[in-house]
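As structure tokens, the structure follows; a few thoughts come after it.
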Amino acid sequence: MAAIGVFDSGVGGLSVLREVRRALPGVDLLYVADSGHAPYGERSESFIAARVDAIGAFFRRADVQAIVVACNTASAVAVQRLRAQSDVPVVAIEPAIKPAAQATRSGVIGVLATQRTIDSAAVAKLINAHGRQVRVLLQACTGWVELVESGELSGARTEAKVARHLKPLLEQGADTLVLGCTHFPFLRDVIARLAGPNVDLIDPAPAVARELVRRLSASSAIGCPARPGTERFWSSGSLERAHAVIGALWGARVPVVALPA
Ligand code: DGL
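So, in structure tokens, the structure goes:
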């Protein structure tokens with residue numbers, strides 16, 4: 004059975020990969036961390052589109068049965084062109100504005116994301132469709148992706164950087180925060196501690212995995228798992244760093260191969 008390709012600008016998409024693994028224990032998974040080009044959030048749209056084209060071509064050569072865009076920024080900017088280039092299902096993450104708008108009690112939600120995601124037409128469309136009855140505060144969290152890419156998930160420096168972007172949202176009464184970047188679930192402990200017990204954090208990764216299962220069941224491509232699925236990892240960044248950080252975030256030492264140029 005063909006594998007499923009999952010990618011992100013870096014290691015953040017591992018937060019989606021773990022949900023996909025949970026939902027599909029018997030499927031082989033290929034993960035591309037484009038860490039050599041992260042963060043996407045401060046890149047131009049044409050740069051991100053070119054990276055998505057290259058990773059899409061890599062997955063086509065690997066003959067995957069589906070592609071998961073585990074990057075809000077890539078999804079906001081380039082999912083349509085990836086869908087147009089692919090003849091397999093493309094499932095993409097997007098900031099969970101709809102569930103947050105339904106869950107808020109204070110009527111104020113915060114969206115934590117990259118600058119590129121915040122500025123995207125995709126987010127404007129989500130707010131227009133689902134966020135008109137609530138106040139939606141958009142917060143570009145500059146520097147957070149780099150914290151996760153370098154494995155700095157805790158400590159004084161991390162807390163200070165997280166607090167800086169969180170504070171304005173809390174001061175304005177947000178009681179529900181959307182983790183609108185797949186790197187941010189790895190900062191969840193710090194965010195939750197700083198936000199306090201009355202603030203809910205929403206991570207759309209489990210919903211992405213459910214949508215993937217739904218799309219694959221529709222094409223009956225899941226089959227009956229005869230063995231546990233495997234995971235293979237590629238990175239466009241430093242392989243030494245990728246080994247260390249992917250190993251830490253995935254919870255096991257895994258081989259990481261250089262992504263072909
Ligand atoms: N994990 C990516 C996302 O969900 C981070 C993008 C970036 O590299 O800036 O948006």
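Numbering (the numbering used here), first residue to last: 4 to 264.
We put the CB at the ideal spot given by N, CA and C, even for glycine.
Since the structure is predicted, the reported quantities are computational estimates derived from the model, not experimental observations.
Quick check on residue i: does DSSP put it in helix, strand or coil?
i, result
"L197", "helix"
"L204", "strand"
"I96", "coil"
"R86", "helix"
"T76", "helix"
"L27", "coil"
"A69", "strand"
"A261", "strand"
"G39", "helix"
"G44", "helix"
"L150", "helix"
"G59", "helix"
"S18", "helix"
To the nearest angstrom, how far is the alpha carbon of residue i from that of residue j?
i, j, result
"S38", "C74", "12 Å"
"S12", "D56", "13 Å"
"D122", "D66", "33 Å"
"L20", "R217", "16 Å"
"R244", "T145", "21 Å"
"A106", "P258", "40 Å"
"R138", "V260", "44 Å"
"A143", "P102", "20 Å"
"V30", "L219", "11 Å"
"I96", "V80", "12 Å"
"P188", "D206", "7 Å"
"E174", "E214", "35 Å"
"L204", "R196", "11 Å"
"R235", "S78", "22 Å"
"L32", "I7", "5 Å"
"H246", "V35", "13 Å"
Going by beta-carbon coordinates alone, are residue i and residue j separated by less than 8 Å?
i, j, result
"P28", "G232", "yes"
"T185", "S18", "yes"
"L190", "V211", "no"
"A177", "G113", "yes"
"L115", "L182", "yes"
"T161", "L172", "no"
"V23", "V9", "yes"
"G16", "R119", "no"
"I70", "F62", "yes"
If I measure Cβ to Cβ from residue i and keep anything under 6 Å in the same chain, skipping five residues before and after, which residues do I get?
i, result
"L85", "V55, G59 and V93"
"S47", "none"
"L129", "I100"
"Q88", "G59"
"S109", "G176 and D178"
"G3", "This structure cannot speak to residue 3, because the chain is shown only from 4 to 264."
"A208", "S18, V19 and E22"
Quick one: what's got a C-beta closer than 7 Å to residue i's C-beta in the same chain, skipping five residues either side?
i, result
"A5", "D66, V67 and Q68"
"A41", "S12, G13, V148 and E152"
Using a Cβ-Cβ cut-off of 8 Å (strictly less than) and excluding sequence neighbours within five positions of residue i, which residues of its own chain qualify?
i, result
"A198", "L169, L173, L180 and L204"
Between residue i and residue j, how many whole angstroms is the CB-CB distance? I'm expecting something under 8 Å.
i, j, result
"S157", "V193", "6 Å"
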